[in-house]
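Residue numbers (the UniProt record's numbering): 1 to 79.
Below is one structure, written out as C-alpha cells, with a few remarks after it.
Encoded structure:
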C-alpha cells in the first residue's frame with residue numbers, strides 16, 4: 001500500500017487488505033505491532049482516498065474500531 005498512489009492496482013490492494021483485516025480482527029489483535037501499523041497506515045491512506053468515498057468511509061470505520069476496541073480492552077483488562 002503506497003501513500004499518494006491512487007492507481008487502480010493500489011486501490012484494489014488497499015481494499016483487499018482492509019477486507020482481510022476487517023474479517024480477521026481477532027488475528028490482528030494478537031499482534032500489537034500489527035494493530036499500530038494498520039492504524040497508522042489506514043489513518044494516512046484516508047487522506048489519499050478522497051476520490052473514493054466508499055473506501056475512505058470503510059477505512060475510517062476500521063481505524064475508529066481499532067482505536068475504540070483496543071483502548072477499551074486495555075482500560076478494562078490491563079496487561
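Ideal Cβ placement from N, Cα and C applies to all residues, glycine included.
Status (buried if at least 16 other CB within 10 Å, exposed otherwise) for residue i
i: residue 48; result: buried
i: residue 59; result: buried
i: residue 34; result: exposed
i: residue 62; result: buried
i: residue 40; result: exposed
Candidates the options: closest to residue i by CA position
i: residue 66; options: 29, 52 and 51; result: 29
i: residue 64; options: 26, 9 and 38; result: 38
i: residue 70; options: 25, 43, 51 and 44; result: 25
Contact belief for residue i with residue j at Cβ below 8 Å, rounded distance in angstroms
i: residue 11; j: residue 55; result: 7 Å
Closer than 8 Å: residue i CB and nearest the ligand PLP heavy atom
i: residue 14; result: No copy of the ligand PLP occurs in the structure displayed, which carries no ligand at all.
Runs of alpha helix (DSSP H) wholly within the UniProt domain "Integrator complex subunit 3 N-terminal" (2–73) (minimum 4 residues, chain order): 8–23, 25–29 and 32–48
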